[in-house]
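Below you'll find the structure, written out as structure tokens, and then a few comments.
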Amino acid sequence: MSSSRGLNLTLKIWRQPGPNARGEFRTYEMKNISPDMSFLEMLDVLNEQLIQTKEEPVAFDHDCREGICGMCSLMINGQAHGPDRATTTCQLHMRRFSDGDTIVIEPWRASAFPVIRDLATDRAAFDRIITAGGYVSVNTGNAQDANCLPVGRDRQEKSMAAAACIGCGACVAACKNASAMLFVSAKVSQLALLPQGEPERARRVTRMVAQMDKEGFGGCTNTYECEAACPAEVSVSNIARLNREYLRAVVVSEEGV
Amino acid sequence: MAESHATTTQGSSRLQSNAPTGDITTGWDRHKFDLKLVNPSNKRKFNIIVVGTGLAGASAAASLAELGYNVKSFCFQDSPRRAHSIAAQGGVNAAKNYCNDGDSVWRLFYDTVKGGDFRARESNVYRLASVSTNIIDQCVAQGVPFQRDYGGLLANRSFGGAQVSRTFYARGQTGQQLLLGAYSALMRQVDLGKVKLFARREMLDLIKVDDVARGIVVRNLVTGEFESHTGDAVLLATGGYGNVFYLSTNAKGCNVTASWRCHKRGAFFANPCFTQIHPTCIPVSGDHQSKLTLMSESLRNDGRVWVPKNPNDSRAANEVPDDDRDYFLERRYAAFGNLVPRDVASRAAKKACDEGFGVGETKLAVYLDFRDTIKRDGAAVVKGKYGNLFQMYAKITGEDPYSTPMRIYPAVHYTMGGLWVDYNLQTTIPGLYCLGEANFSDHGANRLGASALMQGLADGYFVIPYTIGHHLATSKLPKIADDHPEVRGAVEAAKARVTKLLGIQGSRSVESFHRALGKIMWEKCGMARNEVGLKYAEQEIATLRHEFWNNVRVMGTGEAFNQNLEHAGRVADFLEFGELLVHDALTREESCGGHFREEHQTEESEAKRNDADFCHAAAWEYAGGHDSFTGDKEQLHKEPLEFENVHLTTRSYRE
Chain U
2 MSSSRGLNLT
12 LKIWRQPGPN
22 ARGEFRTYEM
32 KNISPDMSFL
42 EMLDVLNEQL
52 IQTKEEPVAF
62 DHDCREGICG
72 MCSLMINGQA
82 HGPDRATTTC
92 QLHMRRFSDG
102 DTIVIEPWRA
112 SAFPVIRDLA
122 TDRAAFDRII
132 TAGGYVSVNT
142 GNAQDANCLP
152 VGRDRQEKSM
162 AAAACIGCGA
172 CVAACKNASA
182 MLFVSAKVSQ
192 LALLPQGEPE
202 RARRVTRMVA
212 QMDKEGFGGC
222 TNTYECEAAC
232 PAEVSVSNIA
242 RLNREYLRAV
252 VVSEEGV
Chain F
-17 MAESHATTTQ
-7 GSSRLQSNAP
3 TGDITTGWDR
13 HKFDLKLVNP
23 SNKRKFNIIV
33 VGTGLAGASA
43 AASLAELGYN
53 VKSFCFQDSP
63 RRAHSIAAQG
73 GVNAAKNYCN
83 DGDSVWRLFY
93 DTVKGGDFRA
103 RESNVYRLAS
113 VSTNIIDQCV
123 AQGVPFQRDY
133 GGLLANRSFG
143 GAQVSRTFYA
153 RGQTGQQLLL
163 GAYSALMRQV
173 DLGKVKLFAR
183 REMLDLIKVD
193 DVARGIVVRN
203 LVTGEFESHT
213 GDAVLLATGG
223 YGNVFYLSTN
233 AKGCNVTASW
243 RCHKRGAFFA
253 NPCFTQIHPT
263 CIPVSGDHQS
273 KLTLMSESLR
283 NDGRVWVPKN
293 PNDSRAANEV
303 PDDDRDYFLE
313 RRYAAFGNLV
323 PRDVASRAAK
333 KACDEGFGVG
343 ETKLAVYLDF
353 RDTIKRDGAA
363 VVKGKYGNLF
373 QMYAKITGED
383 PYSTPMRIYP
393 AVHYTMGGLW
403 VDYNLQTTIP
413 GLYCLGEANF
423 SDHGANRLGA
433 SALMQGLADG
443 YFVIPYTIGH
453 HLATSKLPKI
463 ADDHPEVRGA
473 VEAAKARVTK
483 LLGIQGSRSV
493 ESFHRALGKI
503 MWEKCGMARN
513 EVGLKYAEQE
523 IATLRHEFWN
533 NVRVMGTGEA
543 FNQNLEHAGR
553 VADFLEFGEL
563 LVHDALTREE
573 SCGGHFREEH
583 QTEESEAKRN
593 DADFCHAAAW
603 EYAGGHDSFT
613 GDKEQLHKEP
623 LEFENVHLTT
633 RSYRE
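If you want it as structure tokens, here you go:
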């Protein structure tokens, strides 16, 4: 906790006034940045400076600023959510950088996530994938007592580990193919591991994969960049499970898909 | 403004709670039977607008669509899954008594009424406790991966303000898992064509026709276009107003705008001064701070709160022997120890710091120490229970809580006040309903831990689906044309406001106004309040608001994605609402729950209620102009609160 050591930094930030406008990198000098600041607080400081000089502030998505809502993004020096493992941009702190550093900041890079403005992108494709089947069909009031169906602790833990996905899109942004396999596999795994997900298991996986393909995400070539970038530490073993689930659905399932 | 608020109405006829009388245990069943129903084939003829997609909004939208209504769902975030319910960590309460430790619906009801310091409506709280068990069933059926024991059955933990273990949890991410469950139910209805989703839309006004809520005006935050949406009922599930303090544990986007716009259209705002300061948050580290991060209350199950007995003790925490430590919660509250309710724990921490015993660079922190638990259970067990919280703490502070005690300090977290609603969750505007944190009804003056998730989901899954039918079945609701004068008027008013904000072109940033407002609120209307400070705050806020409208600099245009403009609109509303909050605090001359008036305390520095004069909900009616704000046009109405089942007593957590 040293707050005396201010950082001087050079930021190169992607500026793009609108979805169809031409973008460019612009350079900003930052002086005396506290190492205790979060990365987004550093951008807040930049935006206050820009407003003072009547330049439009940099647009970037963020909301909870505690690493759980999944709204923040940013490629920081080419890495989704920056250099720290298992950390969203909003939880990244400036003590991770050194005086004199140049930091390149870009929006998520994927054609399925078009830029809205500057660093903000449109990730509605993820919502559409969930809409295609990322749920259990149970109406309110249908439920039986919560303890009727025991779930082994190991299964529950695995299901929870997959359910931890925050839907930020870092997996797509980090992948050279812009594949959404880690995201899709997280939801498919969470529900495939639970008895509640069983009745719709085949339908769910086939519909979600079809929607994923339709949105223009690329295929998976097992480079595991997604896992390395994932702030919720969702494991690539879920992708293996997704592949098994898909195979099971199209080859052996008796459920109409 | 203070003097002209004198007009008050005791037991105002405008405040019909419509709560059932008689035996409280059968009240909700009897009430449901008395409500008119809409037959299944007629439900598809009704259109319902739901604003907000947190636990209350998403669960309501999904459940109403399942019943057959046509639903439009709105949120300002890029996806409904981002709503701030997602950040709730610790758990959700339910009176399942799976632990066989003596829990019951009655006990949850009792704990909640007492925890709220006798300022909630008994009938609502009983209903909340009784549907709590259905919530767990519903969530499990959706595939929410709650923590389980080796036998495969659900696990529980304990939380503040209760002596039983009734809290269900999913690691430290319970809110996330419950929200994703409600979100999945919502998206299923999108798939089925019963819900139409409108993300990145901000509600800017309410459309009323013949005094009935019939629609909303929103701004499309991507294109800047104004849209009007009409329907047969409007549900607000837009969360709390904690960001009026600038620094809070809320998400940056949380705001009071939707509620406030409705208030200015006639919805009464109840108990705005009831704000919850959460005891265990990571302390402020500097002027750059943009938000505060909560460390879950569940940590108080295993962490012990202390400060050094000697205020000048300069030793590292681990070098201070037990004899030189003051475990002040355990010392003062023998029965509940570290698990006293939030308001009590927060005030105790503040008292320790005010008296000079605070720790860390700023001296505005106390220790939350896991040393003894780690010694007893091992670091692996602690990691299993709280791993993600410890990791979050380490990321933010750069310190390792496994080897050094956490430093914590209270922070604004939740707001018990909100739009006044009756037992049906209807506001004083017919057809306008309010759910979840945005309403005022269930938590009184202090909310117990793990009860916010319970209330949001109770309102959305198990209350509104029954109560809304009565309005639809008994009201005349002619179709509203898009060019209806009330629709056009509301759209024009919203447009004019945006144009005005962009036209000021002053020299001071929106952010700077927001921070200045927050400073006034926190210093004069935070954990401790007094008459002099509150009167000062009222004037300061009015002055700041005047400066805002003359000197704010909002960048960019209204026809584009413009986050600076979004923030400006929200701060403008906070600058009006903040004044009402302060005024409510000034008017309530007692201490109760999170509202602590320094003039009203016991010799042991505990809150001293005044049941003779203040056993009521204070509901404020705005009768001033819609385009500006005049504080003295706020008129107070009182809903008397009666306690027939949990008798009014002084709350004690000592024995």
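From first to last, the protein sequence lines are chains U and F. Quick note on numbering: our numbering labels position 16 of the first sequence as 17, and the sequence is numbered without any gaps. Quick note on numbering: our numbering labels position 384 of the second sequence as 366, and the sequence is numbered without any gaps. Even glycine gets a Cβ: it sits at the ideal position worked out from N, Cα and C. What you are looking at is a predicted structure, and each value in this text was computed from that prediction instead of being measured.
| Check | Outcome |
| --- | --- |
| Where does the unbroken alpha helix (DSSP H) through F/P22 begin, and where does it stop? | 22 to 25 |
| What residues in its chain sit with their C-beta under 6 Å from that of F/H245, if we drop five residues either side in the sequence? | F251, Y604 |
| Please go through the same chain and pick out, in chain order, the residues whose beta-carbon is closer than 7 Å to the beta-carbon of F/I118, but skip the five residues on each side of it. | A76, K78, F150 |
| By the three-class DSSP mapping on this structure, what secondary structure does U/I77 have? | strand |
| State the start and end residues of the unbroken beta strand (DSSP E) segment that holds U/K32. | 25 to 34 |
| Any contact between the segment 172 to 187 of chain U and the segment 140 to 153 of chain U? By contact I mean 3 or more CB pairs, one from each, below 8 Å. | no |
| Within the chosen definition, does the segment 177 to 192 of chain F reach the segment 462 to 481 of chain F through at least 3 CB pairs nearer than 8 Å? | yes |
| Count the other CB atoms within 10 Å of the CB of F/P265; is the residue buried (16 or more) or exposed (fewer)? | buried |
| Considering just the uninterrupted stretch of the beta strand (DSSP E) at U/I131, what are its terminal residues? | It is not in any beta strand (DSSP E) - U/I131 instead sits in the alpha helix (DSSP H) that spans 125 to 132. |
| In chain order, what residues of the same chain have a beta carbon less than 7 Å from the beta carbon of F/G50, not counting five sequence neighbours either side? | P22, K25, R26 |
| Where does F/F208 fall in DSSP's three states? | strand |
| Count the other C-beta atoms from every protein chain shown that fall within 10 angstroms of the C-beta of F/Q408, then say buried if there are 16 or more, exposed otherwise. | buried |
| For F/V394 versus F/S272, is the C-beta spacing smaller than 8 Å? | no |
| Can at least three beta-carbon pairs, one atom from the segment 327 to 339 of chain F and one from the segment 256 to 264 of chain F, be found at a separation below 8 Å? | yes |
| Answer with yes or no whether the minimum CB distance from U/E57 to chain F is below 8 Å. | yes |
| State yes or no: is the beta carbon of U/A60 nearer than 8 Å to at least one beta carbon in chain F? | yes |
| Tell me the rounded alpha-carbon separation between F/L46 and F/K18. | 16 Å |
| Pull up the distance between the alpha-carbon of F/G576 and that of F/T632, whole angstroms please. | 15 Å |
| Looking at F/A152 and U/M161, is the spacing between their C-beta atoms short of 8 Å? | yes |
| Quickly, what does DSSP pair F/Q408 with across the bridge? List them, please. | F/Y415 |
| Which word fits U/V251, buried or exposed, when buried means at least 16 other C-beta atoms lie within 10 angstroms of its C-beta? | exposed |
| How is the alpha helix (DSSP H) around F/F556 delimited, first residue to last? | 545 to 569 |
| Shorter than 8 Å from the beta carbon of U/N9 to some beta carbon of chain F? | no |
| According to DSSP, is F/M(-17) helix, strand or coil? | Reliability fails at F/M(-17), whose pLDDT of 39 lies under 50, so the model's placement of it is uncertain and no value is given. |
| When Cβ atoms are compared, which residues of the segment 30 to 53 of chain U fall closer than 9 Å to chain F? | I34, S35, P36, D37, M38, S39, L41, E42, M43, D45, V46, N48, E49, L51, I52, Q53 |
| Pull up the distance between the alpha-carbon of U/M213 and that of F/Q545, whole angstroms please. | 30 Å |
| Using a Cβ-Cβ cut-off of 6 Å (strictly less than) and excluding sequence neighbours within five positions of F/G34, which residues of its own chain qualify? | A219, T220 |
| Using the three-state DSSP reduction, which class does F/Y396 fall into: helix, strand or coil? | strand |
| Under a three-way DSSP split, which group does F/I462 fall into? | coil |
| Please name the residue in F/L623, F/L630, F/L618 whose C-alpha comes closest to that of F/G248. | F/L618 |
| Rounding to the nearest angstrom, what Cα-Cα distance links F/L454 and U/A203 in this structure? | 39 Å |
| How would you label F/Y368, buried or exposed, when you count the other beta carbons within 10 angstroms and need 16 or more for buried? | buried |
| Assuming U/V116 contacts U/N78 under a Cβ cut-off of 8 Å, what Cβ separation, rounded to an integer in Å, is found between them? | The pair is not a contact, with the Cβ atoms about 19 Å apart (cut-off 8 Å). |
| Rounded to a whole number of angstroms, what is the C-alpha to C-alpha distance between U/F127 and U/W109? | 14 Å |
| How would you call F/G222, buried or exposed, if buried means at least 16 neighbouring beta carbons within 10 angstroms? | buried |
| To which residues of the same chain is F/K333 closer than 7 Å at the C-beta, ignoring the five residues directly before and after it? | S587 |
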